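Undergrad:
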Amino acid sequence: MTAVAFDSPEAPDQVRHRLQPWLAVAIAVFCIGWGGNQFTPLLIAYAQHAGYTRVDVDILLGAYVLGLIPGLLIASTLSDRHGRRNVMAAGVISAALGSLILAIGDYWGFPALFTGRLFSGVAVGIAMAVGSAWITELSRPPFDDAPAGAGARRASICLSLGFGVGPLCAGLLTVYAPLPLVLTYLVHAALCVPVLWAVWNRTAETRSRATSRPFLDGLKVPAAGHRRFLHVVVPMAPWIFGSAAIAYAVVPALVADQLGSWALLYTVGLTVLTLGCGVAIQPVARRLDDVSSSRAVVVSMALMALGIFAAVATAVTRSALVAPLVAMLLGSAYGIAIVSGLLEIQRIAPPDELAGISGVYYSLAYLGFLLPAVLAALAHWFSYPVMLSFVGLLALVCTAVCASGWAQHLEPRTQATH
Numbered sequence: 012m013t014a015v016a017f018d019s020p021e022a023p024d025q026v027r028h029r030l031q032p033w034l035a036v037a038i039a040v041f042c043i044g045w046g047g048n049q050f051t052p053l054l055i056a057y058a059q060h061a062g063y064t065r066v067d068v069d070i071l072l073g074a075y076v077l078g079l080i081p082g083l084l085i086a087s088t089l090s091d092r093h094g095r096r097n098v099m100a101a102g103v104i105s106a107a108l109g110s111l112i113l114a115i116g117d118y119w120g121f122p123a124l125f126t127g128r129l130f131s132g133v134a135v136g137i138a139m140a141v142g143s144a145w146i147t148e149l150s151r152p153p154f155d156d157a158p159a160g161a162g163a164r165r166a167s168i169c170l171s172l173g174f175g176v177g178p179l180c181a182g183l184l185t186v187y188a189p190l191p192l193v194l195t196y197l198v199h200a201a202l203c204v205p206v207l208w209a210v211w212n213r214t215a216e217t218r219s220r221a222t223s224r225p226f227l228d229g230l231k232v233p234a235a236g237h238r239r240f241l242h243v244v245v246p247m248a249p250w251i252f253g254s255a256a257i258a259y260a261v262v263p264a265l266v267a268d269q270l271g272s273w274a275l276l277y278t279v280g281l282t283v284l285t286l287g288c289g290v291a292i293q294p295v296a297r298r299l300d301d302v303s304s305s306r307a308v309v310v311s312m313a314l315m316a317l318g319i320f321a322a323v324a325t326a327v328t329r330s331a332l333v334a335p336l337v338a339m340l341l342g343s344a345y346g347i348a349i350v351s352g353l354l355e356i357q358r359i360a361p362p363d364e365l366a367g368i369s370g371v372y373y374s375l376a377y378l379g380f381l382l383p384a385v386l387a388a389l390a391h392w393f394s395y396p397v398m399l400s401f402v403g404l405l406a407l408v409c410t411a412v413c414a415s416g417w418a419q420h421l422e423p424r425t426q427a428t429h
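Residue numbers for the sequence shown, in my numbering: 12 to 429.
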């Protein structure tokens, strides 16, 4: 079976005249991240004004995981067959469709909101698997002479910025602009139009040729069975977005009764603070990374456990003053974890498996985003202090597991990776 052909990589003299070949891809990743997380601070608005229960809104929060994980796992194989550009463009289109469907969700109800979140999830999956791999490839010669690890940092920073700016704009537009719960989605859909043009016209294709390998064979990622991946990355990955979800989905709901009409803006503030700390600490994460140990991963896990126990204090006191500390701790943990995980997998995977292993990594990471829905469902039987205490203990166990693989199963090759 022969796949559709696509453009071959551009030669060095074709790409050097362009300013930062990775930049258009990074903007697309930012835009998709914006669309994926703009829904988060609006949970309280949907609960207070649209009559949805806590379980309903947490299901909607995690719904896009159902679209995201297939997007992560399949998109990388599709991009190997049809080119990074084609699949990334499809991701931007999916993000725009998701926002347009969410915009009518205020009138068509839960099914429309759920469907819109699925489309947003597919888009985020493509951004994470294909966008991250593409940025990494464009951060290497002949496209760029950036230092080792620049690709991972660029991808994670752009994604995190999108995750932060999206909620900020959504919250402000919902509170101060007309058409609350509608206009914010229309703004994002409009933003996707020039971004789609940039992806199609201002990027360099990095795939050399279409593959004739059967599609199902392309879904196999041997690097996912690497012992270092299993012993260090897998125990950490679900906590990446699990910790972020606690900070800006669980904690704001715990103190919402104390805030009255300020609850939405407070949630926006916690979301931006969490992701802002995640972006700000990423240069530190790169310095913490050590090719001979799991130091950065263990530090991130220790911060996560500390932040979760701070969330327990918030659940007990219901204090809006403690919650920002939780956001800073968990945001910092998120930032270190996402970068350290990307650097680990780049050392593990050969170039041809980079997109595939990125998809597996982010799929595991996004399982943590289901945590708020699980906690909301269990709240009928257990209090939040009890549940969060258990989650904190589980984080400590995972920290110990990651530490046990400190210098184990390292790759014999020592050359620097990007």
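Even glycine gets a Cβ: it sits at the ideal position worked out from N, Cα and C.
These numbers come from a predicted model, not from an experiment.
Measure the Cβ-Cβ separation of alanine 260 and aspartate 69 and say whether it is below 9 Å.
TA: By one-based count along the sequence shown, residue 260 stands at place 249. By one-based count along the sequence shown, residue 69 stands at place 58. Yes.
Undergrad: Anyone know if the C-beta pair for isoleucine 43 and glycine 116 falls short of 9 Å?
TA: Locating residue 43 in the sequence shown gives position 32, counting from the first residue. Locating residue 116 in the sequence shown gives position 105, counting from the first residue. Contact flag unset, no.
Undergrad: Do threonine 214 and arginine 306 have their beta-carbon atoms positioned less than 9 Å apart in this structure?
TA: If you number the sequence shown from 1, residue 306 lands on position 295. If you number the sequence shown from 1, residue 214 lands on position 203. No, the pair does not count as a contact, with Cβ atoms beyond the cut-off.
Undergrad: Three or more C-beta pairs under 8 Å: does that hold for the region 104 to 111 against the region 382 to 402?
TA: Not touching, per the Cβ criterion.
Undergrad: Give me the Cα-Cα distance between alanine 414 and valine 309, rounded to the nearest whole angstrom.
TA: As a position in the sequence shown, residue 414 is number 403, starting the count at 1. As a position in the sequence shown, residue 309 is number 298, starting the count at 1. Spanning the two alpha carbons is a distance of roughly 6 Å.
Undergrad: Mind checking glutamine 25: buried by the 16 CB within 10 Å criterion, or exposed?
TA: For the purposes of this step, residue 25 is taken as residue 14 along the sequence shown, with counting starting at 1. The predicted position of glutamine 25 is uncertain, since its pLDDT is 48 and thus under 50; a value taken from the coordinates is nonetheless stated next. Glutamine 25 comes out exposed.
Undergrad: Secondary structure at leucine 77, three-state DSSP: helix, strand or coil?
TA: Start at 1 with the first residue of the sequence shown, and residue 77 comes out as number 66. Helix at leucine 77.
Undergrad: Closest to glycine 370 by CA distance: which of Ala248, Leu184, Pro178 is it?
TA: Here residue 370 corresponds to residue number 359 of the sequence shown, with the count starting at 1. Closest option to glycine 370, Cα to Cα, is Ala248.
Undergrad: Is the region 161 to 172 touching the region 73 to 85, taking contact as three or more C-beta pairs under 8 Å?
TA: The region 161 to 172, when compared against the region 73 to 85, does not touch it at the 8 Å Cβ threshold.
Undergrad: Is the beta carbon of glycine 136 less than 9 Å from the beta carbon of tyrosine 373?
TA: The residue you call residue 136 lines up with position 125 of the sequence shown. The residue you call residue 373 lines up with position 362 of the sequence shown. In this structure, tyrosine 373 lies closer than 9 Å to glycine 136 by Cβ.
Undergrad: Under three-state DSSP, which class holds arginine 95?
TA: Start at 1 with the first residue of the sequence shown, and residue 95 comes out as number 84. DSSP places arginine 95 in helix when its eight states are reduced to three.
Undergrad: Tell me whether the region 199 to 206 and the region 54 to 72 touch, counting them as touching only if at least three CB pairs, one residue from each stretch, are closer than 8 Å.
TA: Counting Cβ pairs under 8 Å, fewer than three are found: no touch.
Undergrad: For the alpha helix (DSSP H) that contains leucine 33, what are its first and last residues?
TA: On the sequence shown, position 22 is the one that residue 33 refers to. It is tryptophan, not leucine, that sits at residue 33 in the sequence shown. Element bounds for tryptophan 33: n/a, residue is neither H nor E.
Undergrad: Please return the same chain residues whose Cβ sits closer than 7 Å to the Cβ of arginine 329, not counting the five positions on each side in sequence.
TA: Here residue 329 refers to the residue found at position 318 when the sequence shown is read from its first residue. Leu265, Val266, Gln269.
Undergrad: Across the region 31 to 45 and the region 240 to 257, are there enough close Cβ pairs to call them in contact, namely three or more that are closer than 8 Å?
TA: Contact between the region 31 to 45 and the region 240 to 257 is absent, because fewer than three Cβ pairs lie under 8 Å.
Undergrad: With DSSP run on the structure shown, which of helix, strand or coil describes phenylalanine 130?
TA: Numbered from 1 along the sequence shown, position 119 holds the residue referred to as residue 130. If DSSP states are grouped into helix, strand and coil, phenylalanine 130 belongs with the helices.
Undergrad: What residues in its chain sit with their C-beta under 7 Å from that of leucine 399, if we drop five residues either side in the sequence?
TA: In the sequence shown, residue 399 corresponds to position 388, counting from 1. Contacts found: Ile319, Ala322, Val323, Ala326.
Undergrad: Helix or strand or just coil, what does DSSP make of histidine 237?
TA: For the purposes of this step, residue 237 is taken as the residue at position 226 of the sequence shown. Looking at histidine 237 - three-state DSSP - the assignment turns out to be coil, as it is neither helix nor strand.
Undergrad: Whole angstroms is fine: what's the gap from alanine 138's alpha carbon to valine 408's?
TA: Reading the sequence shown from its first residue, position 127 is the one you call residue 138. Reading the sequence shown from its first residue, position 397 is the one you call residue 408. Answer to the nearest angstrom: the Cα atoms are 31 Å apart.
Undergrad: Can you give the beta carbon distance from isoleucine 112 to threonine 126, rounded, assuming they're within the 8 Å contact cut?
TA: In the sequence shown, residue 112 corresponds to position 101, counting from 1. In the sequence shown, residue 126 corresponds to position 115, counting from 1. With 8 Å as the limit, isoleucine 112 and threonine 126 qualify as a contact, their Cβ atoms being about 5 Å apart.
Undergrad: Which whole-angstrom value is the C-beta distance of phenylalanine 174 and leucine 286, which I expect to be below 8 Å?
TA: For the purposes of this step, residue 174 is identified with residue 163 of the sequence shown, where counting begins at 1. For the purposes of this step, residue 286 is identified with residue 275 of the sequence shown, where counting begins at 1. That pair is a contact at about 5 Å.
Undergrad: Excluding the five sequence neighbours on either side, which residues of its own chain have a C-beta within less than 8 Å of the C-beta of phenylalanine 17, listed in chain order?
TA: Your numbering for residue 17 matches position 6 in the sequence shown. Only weak support exists for where phenylalanine 17 lies, its pLDDT of 46 falling under 50; the value from the coordinates is given anyway. So the list reads His93, Gly94, Arg96, Asn97, Glu216, Arg218, Ala221, once near-sequence residues are dropped.
Undergrad: Taking leucine 314 and isoleucine 347 to be in contact with their CB atoms under 8 Å, please state how far apart those CB atoms are, rounded to whole angstroms.
TA: The residue labelled residue 314 in the question sits at position 303 within the sequence shown. The residue labelled residue 347 in the question sits at position 336 within the sequence shown. Confirmed, Cβ separation roughly 7 Å.
Undergrad: Given a cut-off of 9 Å, decide if tryptophan 250 and serine 433 are closer than it, judged by their beta-carbon atoms.
TA: Nothing about residue 433 can be reported from this structure: the residues present for the chain run from 12 to 429 only.
Undergrad: Once you ignore the five residues that flank leucine 284 on each side, which residues in its own chain have a CB closer than 7 Å to its CB?
TA: Working through the sequence shown from its first residue, we reach residue 284 at position 273. The residues are Pro335, Ala338, Met339, Gly342.
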